[in-house]
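Step one of this worksheet: look at the structure below.
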Amino acid sequence: MSIIKVENLKKYYKDVKAVDDVSFEINEGEIFGFLGPNGAGKTTTIKMLVTLLRPTEGTAKVVGYDIKEKPDDIRNNIGIVFQDPALDDRLTGKENLDFHARMYGMKKEKREKRIKDVLNLVNLEEKANILIKNYSGGMRRRLEIARGLMHFPKILFLDEPTLGLDPQTRRVIWDYIKNLNEKENITIFLTTHYMEEADYLCDRISIIDYGKILITDKPSKLKNQLGKDVITITCSNVGLCSELLKKEKWVESIKVHDSSITVGTKDIEKKLPMIIKLAEKNNIEIKSIDIRKPTLEDVFLYYTGRKIREQQADSSERFRRRFRHH
Amino acid sequence: MKLLNFQAIYVMWLRQMKRFSRDKARIISNFIQPFFFLSVLGLGLASTRFPGMPSGVEYIDILTPGIITMSILFPSVFVGLSVLWDKQFGFLQEVLVAPVSRLSIVIGRTLGGATTALIQGLIVLFVSIILGVFVQLSLSLVLAFVFMVLISFVAIGFGLIIASKMETIEGFQFVVSLFIFPLLFLSSPFSTLDALPSWLRIIAFINPITYGVDGLRASLINYSYFPIYIDFSVLIILSIIMMGLGSYFFNKSEI
Chain A
1 MSIIKVENLK KYYKDVKAVD DVSFEINEGE IFGFLGPNGA GKTTTIKMLV
51 TLLRPTEGTA KVVGYDIKEK PDDIRNNIGI VFQDPALDDR LTGKENLDFH
101 ARMYGMKKEK REKRIKDVLN LVNLEEKANI LIKNYSGGMR RRLEIARGLM
151 HFPKILFLDE PTLGLDPQTR RVIWDYIKNL NEKENITIFL TTHYMEEADY
201 LCDRISIIDY GKILITDKPS KLKNQLGKDV ITITCSNVGL CSELLKKEKW
251 VESIKVHDSS ITVGTKDIEK KLPMIIKLAE KNNIEIKSID IRKPTLEDVF
301 LYYTGRKIRE QQADSSERFR RRFRHH
Chain B
1 MKLLNFQAIY VMWLRQMKRF SRDKARIISN FIQPFFFLSV LGLGLASTRF
51 PGMPSGVEYI DILTPGIITM SILFPSVFVG LSVLWDKQFG FLQEVLVAPV
101 SRLSIVIGRT LGGATTALIQ GLIVLFVSII LGVFVQLSLS LVLAFVFMVL
151 ISFVAIGFGL IIASKMETIE GFQFVVSLFI FPLLFLSSPF STLDALPSWL
201 RIIAFINPIT YGVDGLRASL INYSYFPIYI DFSVLIILSI IMMGLGSYFF
251 NKSEI
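Keeping their order, the protein sequence lines are chains A and B.
Using the numbering used here, the letters of the first sequence correspond one by one to residues 1 to 326.
Using the numbering used here, the letters of the second sequence correspond one by one to residues 1 to 255.
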C-alpha cells in the first residue's frame, strides 16, 4: 500500500525548473531514497511534500491527504529532519524536544514519557540536560532524528541526514535509521548524494537529476541490470573500440564517455583476454582496465553520463542561483 | 488550522524567557547602561532648567521616561533580529513546519519580546527611583506600564517588517540603526518638547516615539506636552497598524 503518492509534481522558478514533472510512490514501511547531486531538486521535492512550499503544478498525497488541501493533517503525521541543523543551541536537548512536543499539542504526561523513549532510542539520555551548543555534530543529528519521532509520525523525512558528518559517525546514524525503521515501523523518505548511503539504507531509490526522475528501483536490481561485472576501459580511439564491442554478443550493457567505455557483462575473467585481443587486432592502445562489481556510482554514470562528484561545482552554482529566487 | 493555538503561543514565549535568562552578559549590561545614563546625565545636569518644566520637577524626572523608552525600544526592535537569527540557524523551519498558525507564532514571539523589553524598562524605573525620581501613586505605575507595552508593540511590529525584507543579520542591524537612532533622538528623550526649536518640534510631532516618551512623562511625573489621552490614542492606533503589518509580512515570508 502506498503511503506517499506523487503525481506530476512541478516547481518552477523564473528560469529554473527545480522539480520537473516528478511522479513516484512510496510503500508503507519502506525506506525510500532520492539519489542525486546537489541542486537536483531533492530538497525542493521534500519541501513540497511537507507542505512548506506550494507546487507550481501537480500534486501529491501524503498519508492519504492532499498536500494542497490538508497541510495540517499531513504535518501532524510526519516528522522532518532538515538538511541544515534546526535546533535551538541555547536550549538543552530535552528542552528542544519539549518545545517540539508542545508545538504539536502533546499533553504533559504523554510528552514526558515520549521524550524519555526517543532519547533512549538515540542513546542521548545522559546528554538530555546539556545545552545544544555543547553537542557534537553527530549528537545534534541524533537529537534531530529523535525530535522528528516525538509526535508518533507515520513518515519520517530525512534531508541529507549525514551531510557534513565524518564516516564513522555516518555509520552510527545509518544504524539508528535502520533500527527505527524496524522498531517503530515507520516509513522513511530520505535524500542523499552519497551512493553508499542510498545502497546501504534504501529498499528502493529514485535517481534524480536536473529535476527529473531517471529511474526508480531496488538498488540491487539497478546494479544487476548493468551486468554482474562492470569493466571500464580507458583507451585510444574510443569510438572504434565501442563500435567493435557493441557487436560482441556477451556485452550486456555499454556506455561511452569522453575517454573511456563502461561495459557490463558476466564471467569477466573469460572476457578480458578477448577484449585485449580485439584491441590489439585493431590497433587500439589500452591505457587502463578497471574491473569491479557494479555500484550505484556506475548506475548513476549509466543514466546521467556523469559521475556524481564531477558536477558538484556546477551544481553548487545552480543551487546558489536557485537560492536567490526564494 | 486553528487560528490561535495557546500551547504554541506559550512555548514560543517560554523559549524566549529561557534564552533571556541564560544571557547573563545581556542582563548585566541592561542594568548598567541605564544606570550610567541616569546617574551621569541626570545628576550631572541636575541644575538644568528647560522651558515648560513645572516647578518641583527635576531634570532627572524629565530624563527618566526618555531612558525607559530607549531601553524598551532596542530589545523590542530586535525581536525582528531574532527571527532572522532563527532563519539563519535553521530553527525557523522547525517552527514553521509545525501544525500551528503563523498568527500564533507571531503572537508568541511578540509576547516573548515584549516581556523582555518590559523587564528592562522596569529595571530602569527601579534604578530611577533609587536615584530619587519622585514617582507618584500606584495608578501612575499602571499607566506607565501600559505605555511601555504600547511602545514595545510599535517597535516589535517595526522590527518584524524590516526582518521580512532583509536577508542578512548585518543588513538588519544597518537599517535599524539608520531608523532607530533618529526616532529615539527626535522624540525629545533628553529635554522637554518646549525646549526644541519649532522646526525640530514639527519633526517630533510626526515621530510616533514622541508620544511614548510624552505619555510616560504624563503618567510618571504628571507633566506632558500633550494631554495623556492623545498620547494613548496615537500609540494604540500605531501599535495596531505596526503589529498588523508585521504579522502580515511575517506570514508572507517563505523559507
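The beta-carbon is built from N, C-alpha and C at its ideal position, and this holds for glycine as well.
Using a CB distance below 9 Å, the part of the stretch 6-23 of chain B facing chain A consists of 7, 8, 10, 11, 12, 14, 15, 18, 19, 22, 23, ordered along the chain. When rounded, the separation of the alpha-carbon atoms in residue 294(A) and residue 237(A) is 24 Å.
By the CB criterion at 7 Å, residue 81(A) and residue 158(A) fall inside the cutoff. Legend: CB atoms of the stretch 67-91 of chain B lying less than 7 Å from CB atoms of chain A belong to residues 90, 91.
Counting only Cβ-Cβ distances below 9 Å, residue 87(A) has contacts in chain B at 89, 90, 91, 94, in chain order. Considering only 102(A), 160(A), 263(A), 122(A), the residue with the shortest C-alpha distance to residue 44(A) is 160(A). For a Cβ distance threshold of 8 Å, residue set 75, 100, 103, 104 of chain A lies close to residue 98(B), ordered along the chain. Taking 7 Å as the threshold, the shortest C-beta distance from residue 52(A) to chain B falls below it. The beta-bridge partner set that DSSP reports for residue 86(A) is empty. Chain B places no beta carbon closer than 7 Å to that of residue 132(A), leaving this residue out of the contacts. Separation of residue 51(A) and residue 70(A) (C-alpha to C-alpha, rounded to the nearest whole angstrom) is 9 Å.
Between residue 23(A) and residue 8(A), the C-beta gap is smaller than 7 Å, which places the two residues in contact. Residue 116(B) and residue 34(A) have their C-alpha atoms spaced approximately 44 Å apart. Annotated as distal: residue 141(A) and residue 124(A), with beta-carbon spacing of 7 Å or more. Think of a sphere of 7 Å around the beta carbon of residue 90(A): the chain B residues whose beta carbon falls inside it are 19, 22, in chain order. By the CB criterion at 7 Å, residue 84(B) and residue 174(B) fall outside the cutoff. When the five nearest sequence neighbours on each side are left out, the beta carbons in the same chain lying within less than 8 Å of the beta carbon of residue 131(B) are those of 38, 39, 42, 43, 60, in order along the chain. Scanning chain B for C-beta atoms nearer than 7 Å to the C-beta of residue 82(A) yields 90, 93, reported in chain order. Straight-line spacing of the CA atoms in residue 229(B) and residue 65(A) works out to 53 Å.
Here the C-alpha atom of residue 188(A) lies approximately 7 Å from the C-alpha atom of residue 29(A). Under the three-pair Cβ rule at 8 Å, the stretch 274-281 of chain A counts as touching the stretch 227-244 of chain A. For residue 292(A), the three-state secondary structure derived from DSSP is strand. The Cβ neighbour count for residue 267(A), taken over all protein chains shown within 10 Å, is under 16; the residue is labelled exposed.
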